[in-house]
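Here is the structure we will look at.
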Amino acid sequence: MAATASPASLDSAPRIMRLVAECSRSRARAGELRLPHGLVATPVFMPVGTQATMKGITAEQLDALGCRICLGNTYHLGLRPGPELIQKAHGLHGFMNWPHNLLTDSGGFQMVSLVSLSEVTEEGVRFRSPYDGDETLLSPEKSVQIQNALGSDIIMQLDDVVSSTVTGPRVEEAMYRSIRWLDRCIAAHRQPDKQNLFAIIQGGLDADLRATCLEEMTKRDVPGFAIGGLSGGESKAQFWKMVALSTSRLPKDKPRYLMGVGYATDLVVCVALGCDMFDCVFPTRTARFGSALVPTGNLQLKKKLFEKDFGPIDPECTCPTCQKHSRAFLHALLHSDNTAALHHLTVHNIAYQLQLMSAMRASIVEKRFPEFVRSFMGTMYGDPTLCPTWATEALASVGITLD
Amino acid sequence: SLRDLEESVRMKLSLTKVVNGCRLGKIKNLGKTGDRTMDIPGCLLYTKTGSAPHLTHQTLHNIHGLPAMVQLTLSSLAEHHEVLAEYKEGVGKFIGMPESLVYCSLHDPVSHCPAGYVTNKSVSVWGVGGRVEMTVSKFMAIQQALQPDWFQCLSDGEASCEETTSMKRARKSVDRSLLFLDNCLRLQEESEVLQKSVIIGVIEGGDVMEERLRSARETAKRPVGGFLLDGFQGNPTTLDTRLHLLSSVTAELPEDKPRLVSGVSRPDEVLECIERGVDLFESFFPYQVTERGCALTFSFDYQPNPEETLLQQNGTQEEIKCVDQIKKIKTTGCNQEMTSFEINLKEKKYQEDFNPLVRECSCYCCKNHTRAYIHHLLVTNELLAGVLLMMHNFEHYFGFFHSIREALKSDRLAQLKELIHKQVS
């Protein structure tokens, strides 16, 4: 296949990322992605709007929060409403009327999450539809074809995803298969000038397998790399080591997308480890359960202790929910059947995530990222030294100490 | 004198004209600062627990033509009495609508409560946490905490609950409601906080003409700020039989005070009530339409340009052809009460329809999204469906009220009425 290359770069691959600043201690970077639907500042958190909608909030609200890229899901959209319809609607952008960037996952993750409905072979993943019992084969070619119809700015290869708690030969099989599927995706991709196909590094929690995957995949001519197969049930100690291993072997001038990570602490640590892009359902999902994200953790607003709390969720937050409403009102509304309660929290939680990334980016640009990390951990855990062990070790590995 | 000053800042209803019983005008000097105005005929913004259904401040304010007055319900707020009392600044501010005028009704017109809970001393409402029983003093204490601009007086609305009202029950509803009113007025006088709130007297009396007249005359003698005509809610047939009662009641009421009716929100019923002297309505109908995954599409453009007429005729014909199909679907699930004022976005035919819900509609949904997208959101059970449909349905409905006022202004109400009736299945 392609000639051997150093982690630096391959000359012909498109450079969509511009590095603006780098932390002199850790591996944190601030950058800018140049995508077909506009610029995206990194590090970036991408909210997940699985079925062509960001749950209860409008495209206008999402835009107003400063979101410039969000996720859609190929598996779901491939079933309903289907790629033909979306193509008729001028792509996913046209269908949901989102003017900024979209990233679509390949459908691979559903292999894990819907494992009882799926069967993996070299050909692809065979799914039984939960809606009508119909069988569909999601092959690398089919996944790319659907994503081509969706027209998203970043598309993901179909990878053979194995739960991080699985051990044994299946992990190795999945890793090698993912490389072969990457090549098939690259070959099938019809619109490389309009859509950026990212590879997904697999290998589970095995350092050797990951290293092999990194070595092979970085030989391929892709604009960006994702770190996959993590953020499942694995221990955090194993998790961070795989992330660190991956970022140490990925090219510096291409974006690193860590899939499925969204807890605040995890975001901060993984930015320190050199990741640029993140996605997770957590903030939007937890909002729908009445949980508001704050710098000290979260507020379970349905609890009685908020009944007469007349302050906003976070006095420092600039989101519309915090500008207009009190915890007490949200508490009352959450106990009603008015869905508006959920939307207020969704708006806030997305704002929280985006504000966190923005603050991190500013600290990297202003050369004070390690101080930011210390301050963040102090607020979150009461004292920087009370930060979880795995995080302390991960940060230490890149030169950031918390005492 | 101080009295004259008070008089001049008190709210005032001025009628521009009265045409065939329909009143067109303005209510001025509203609100705590006395500088707000409302148009009549008009409607109030329907809310659930102090928030428009599905909508946050941002999405609510995407809607053009928002009413100046919001309707809150005691059924959703009574259980938060303690919180509001401690908050001290009134419910308008608590819910994040400090700019709105606030009207507090007893019940939620959509989910009416079980009958049998009114006594000589108390009325009950149902909140999320269960039944809240209110004596006059508890009721007024709650209103003190809410500090609404207008509130429906504690009243006995159960005479109209059963199939046929007995004379005895009708009489009791009037007696009780008058007693409650007198007690509430007395307590209001003793409360400094409630000086700026206006009590709306409630006309009861079931279906008994004699009692309805008595209720109207007696209530009109009290210093109330307006009148709520209660007991006219139900299905279109029951309203039909009560329309003559409505005319007789409004004939007894002073011209210079607003008349609200509860439980009536359908476009055709609204027109019937306006013709019988009603000024203000609740806007829960667009909410009900939203909940069944439907969008209001009825036309209220009573003087369209010829090209538009042609296009609309073609559209109407298509809709009429489908009415039979709709009737078949009607009986399944939540489409049971679907009217011919709306389309059901769940229908397969909208799957590839890239038109807006209503052509020429300037709401956020129609300006930004298609029928196909709404269909997708409904089929996949996504929350955004409710948000977008609510925005459209409210805007469409408020547009209807605007057209009523315009029609009255230009003496074209007959045309509007004919247009609406053409669209009733």
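As given, the protein sequences belong to chains P and R, one line each in that order. Here my numbering is used: the first residue of the first sequence is 574, the next is one more, and so on. Here my numbering is used: the first residue of the second sequence is 337, the next is one more, and so on. Glycine residues also receive a C-beta, built at the ideal position from the N, C-alpha and C atoms.
With DSSP collapsed to three states, give me the class of residue 611 of chain R.
Here residue 611 of chain R corresponds to residue number 275 of the second sequence, with the count starting at 1. In this structure, residue 611 of chain R counts as coil in the three-state DSSP scheme.
Tell me whether residue 605 of chain R is buried or exposed, calling it buried when 16 or more other Cβ atoms sit within 10 Å of its Cβ.
Numbered from 1 along the second sequence, position 269 holds the residue referred to as residue 605 of chain R. It counts as buried.
Do you know how far the Cα of residue 625 of chain R is from the Cα of residue 674 of chain R?
What you label residue 674 of chain R is simply residue 338 of the second sequence in a count that begins at 1. What you label residue 625 of chain R is simply residue 289 of the second sequence in a count that begins at 1. Answer to the nearest angstrom: the Cα atoms are 7 Å apart.
Just curious, the beta strand (DSSP E) that residue 708 of chain P is in, first and last residue?
As a first step, residue 708 of chain P is located in the first sequence; it is residue number 135 there, counting from the start. Residue 708 of chain P -> beta strand (DSSP E) spans 708-711.
Residues of chain R with CB under 8 Å from residue 905 of chain P, in chain order?
Taking the first sequence and counting its residues from 1, one reaches residue 905 of chain P at position 332. Within 8 Å Cβ-Cβ: 385, 386, 416, 419.
From residue 730 of chain P to residue 701 of chain P, what distance separates their C-alpha atoms?
Working through the first sequence from its first residue, we reach residue 730 of chain P at position 157. Working through the first sequence from its first residue, we reach residue 701 of chain P at position 128. Spanning the two alpha carbons is a distance of roughly 21 Å.
Taking only beta carbons into account, state which residues of the region 615-634 of chain P come closer than 8 Å to chain R, listed in chain order.
The region 615-634 of chain P vs chain R, Cβ under 8 Å: 624, 625, 626, 627, 628, 629, 630, 631, 632, 633, 634.
Would you tell me roughly how many angstroms separate the C-alpha atoms of residue 606 of chain P and residue 589 of chain P, rounded to the nearest one?
As a first step, residue 606 of chain P must be located in the first sequence, where it is residue number 33. As a first step, residue 589 of chain P must be located in the first sequence, where it is residue number 16. So the alpha carbons of these two residues sit roughly 5 Å apart.
Closer than 9 Å between beta carbons: that is the criterion. Which residues of the region 889-902 of chain P meet it against chain R?
Answer set for the region 889-902 of chain P: 893, 894, 896, 897, 898, 899, 901, 902.
Say whether chain P places a C-beta atom closer than 8 Å to the C-beta of residue 399 of chain R.
By 1-based counting over the second sequence, the position of residue 399 of chain R is 63. Not closer than 8 Å to any Cβ of chain P, the Cβ of residue 399 of chain R fails to qualify, so no.
Closest Cβ-Cβ distance between residue 482 of chain R and chain P: below 8 Å?
Within the second sequence, numbered from 1, the residue matching residue 482 of chain R stands at position 146. No, residue 482 of chain R lies away from the interface with chain P (no Cβ there is under 8 Å from its Cβ).
Quick one: what's got a C-beta closer than 6 Å to residue 711 of chain R's C-beta in the same chain, skipping five residues either side?
Within the second sequence, numbered from 1, the residue matching residue 711 of chain R stands at position 375. The answer, listed in chain order, is 681, 686, 687.
Who are the Cβ neighbours of residue 617 of chain P in its own chain at under 8 Å, not counting the five residues just before and after it?
On the first sequence, residue 617 of chain P is found 44 positions in, with the first residue counted as 1. 606, 641, 642, 849, 850, 851, 930.
Any beta-carbon of chain P closer than 8 Å to the one on residue 715 of chain R?
For this step, residue 715 of chain R is matched to residue 379 along the second sequence. Interface residue, yes.
Can you list, in chain order, the residues of its chain with a C-beta nearer than 6 Å to that of residue 596 of chain R? Leave out the 5 residues immediately preceding and following it.
By 1-based counting over the second sequence, the position of residue 596 of chain R is 260. The residues are 564, 616.
Between residue 857 of chain P and residue 922 of chain P, is the Cβ-Cβ spacing less than 8 Å?
Within the first sequence, numbered from 1, the residue matching residue 857 of chain P stands at position 284. Within the first sequence, numbered from 1, the residue matching residue 922 of chain P stands at position 349. Yes, they are a contact pair.
For residue 720 of chain R, which residues in chain P fall below 8 Å Cβ to Cβ?
For the purposes of this step, residue 720 of chain R is taken as the residue at position 384 of the second sequence. Per Cβ cutoff of 8 Å: 626, 627, 628, 629, 630, 631.
Pairing CB atoms from the region 754-762 of chain P with CB atoms from the region 799-818 of chain P, are three or more of them under 8 Å?
Judged by Cβ distances under 8 Å, the region 754-762 of chain P makes no contact with the region 799-818 of chain P, as fewer than three pairs qualify.
Would you kindly work out how many angstroms separate the C-alpha atoms of residue 528 of chain R and residue 480 of chain R, rounded to a whole number?
As a working mapping, residue 528 of chain R is identified with position 192 in the second sequence. As a working mapping, residue 480 of chain R is identified with position 144 in the second sequence. So the alpha carbons of these two residues sit roughly 9 Å apart.
For residue 726 of chain P, name the three-state secondary structure that DSSP assigns.
As a working mapping, residue 726 of chain P is identified with position 153 in the first sequence. Coil, per DSSP.
Just how far apart, CA to CA, sit residue 586 of chain R and residue 562 of chain R?
As a first step, residue 586 of chain R is located in the second sequence; it is residue number 250 there, counting from the start. As a first step, residue 562 of chain R is located in the second sequence; it is residue number 226 there, counting from the start. Looking at the two C-alpha atoms, the distance is approximately 12 Å.
Looking only at C-alpha atoms, which of R:629, R:405, R:518, R:546 sits nearest to residue 472 of chain R?
Along the second sequence, read from residue 1 onward, the residue named residue 472 of chain R stands at position 136. Comparing Cα positions, the closest option is R:518.
Which residue's Cα is closest to the Cα of residue 945 of chain P: P:796, P:894, P:614, P:844?
Residue numbering aside, residue 945 of chain P sits at position 372 when the first sequence is read from its first letter. Minimum Cα distance to residue 945 of chain P is reached at P:844.
Using the rule of at least 16 other Cβ atoms within 10 Å of the residue's Cβ for burial, across every protein chain shown, is residue 957 of chain P buried or exposed?
For the purposes of this step, residue 957 of chain P is identified with residue 384 of the first sequence, where counting begins at 1. Counting Cβ neighbours within 10 Å, residue 957 of chain P comes out buried, since at least 16 surround it.
Going by alpha carbons, who is nearest to residue 639 of chain P out of P:650, P:652, P:612?
Along the first sequence, one-based indexing puts residue 639 of chain P at 66. Measuring from the Cα of residue 639 of chain P, the nearest candidate turns out to be P:612.
Checking contacts by CB at 8 Å: is residue 909 of chain P closer than that to chain R?
Counting from one through the first sequence, the residue named residue 909 of chain P turns up at place 336. Answer yes: the Cβ-Cβ gap between residue 909 of chain P and chain R drops below 8 Å somewhere.
Are there 16 or more other CB atoms within 10 angstroms of the CB of residue 591 of chain P, so buried, or fewer, so exposed?
Taking the first sequence and counting its residues from 1, the one referred to as residue 591 of chain P is at position 18. Its Cβ having fewer than 16 others within 10 Å, residue 591 of chain P is exposed.
Interface residues of chain R around residue 661 of chain P at Cβ under 8 Å?
The sequence position of residue 661 of chain P within the first sequence is 88, counting from 1. The contacting residues are 688, 690.
Could one say the Cβ of residue 600 of chain P lies closer than 8 Å to chain R's Cβ atoms, at least one of them?
Sequence index remark: in the first sequence, residue 600 of chain P carries index 27 (1-based). So, not an interface residue.
Between residue 912 of chain P and chain R, is any beta-carbon pair separated by less than 8 Å?
Sequence index remark: in the first sequence, residue 912 of chain P carries index 339 (1-based). Yes - at least one Cβ of chain R is within 8 Å of the one on residue 912 of chain P.
Does the CB of residue 666 of chain P have a neighbour CB from chain R at under 8 Å?
Your numbering for residue 666 of chain P matches position 93 in the first sequence. False, the Cβ-Cβ gap to chain R never drops below 8 Å.
Mind checking residue 862 of chain P: buried by the 16 CB within 10 Å criterion, or exposed?
In the first sequence, residue 862 of chain P corresponds to position 289, counting from 1. Exposed, by the Cβ-count rule.
Just the Cα atoms here: how many angstroms apart are residue 776 of chain P and residue 747 of chain P?
Taking the first sequence and counting its residues from 1, the one referred to as residue 776 of chain P is at position 203. Taking the first sequence and counting its residues from 1, the one referred to as residue 747 of chain P is at position 174. Answer to the nearest angstrom: the Cα atoms are 7 Å apart.
Using a Cβ-Cβ cut-off of 8 Å, state whether residue 709 of chain R counts as contacting chain P.
Taking the first residue of the second sequence as position 1, residue 709 of chain R is located at position 373. Output row for residue 709 of chain R: interface = yes.
Rounded to the nearest angstrom, what separates residue 546 of chain R and residue 430 of chain R at their Cα positions?
Along the second sequence, read from residue 1 onward, the residue named residue 546 of chain R stands at position 210. Along the second sequence, read from residue 1 onward, the residue named residue 430 of chain R stands at position 94. Roughly 42 Å separates the two Cα atoms.
Just mark residue 410 of chain R as buried or exposed, buried being the case when its beta carbon has 16 or more other beta carbons within 10 Å.
Taking the first residue of the second sequence as 1, we reach residue 410 of chain R at position 74. With 16 or more other Cβ atoms within 10 Å, it is buried.
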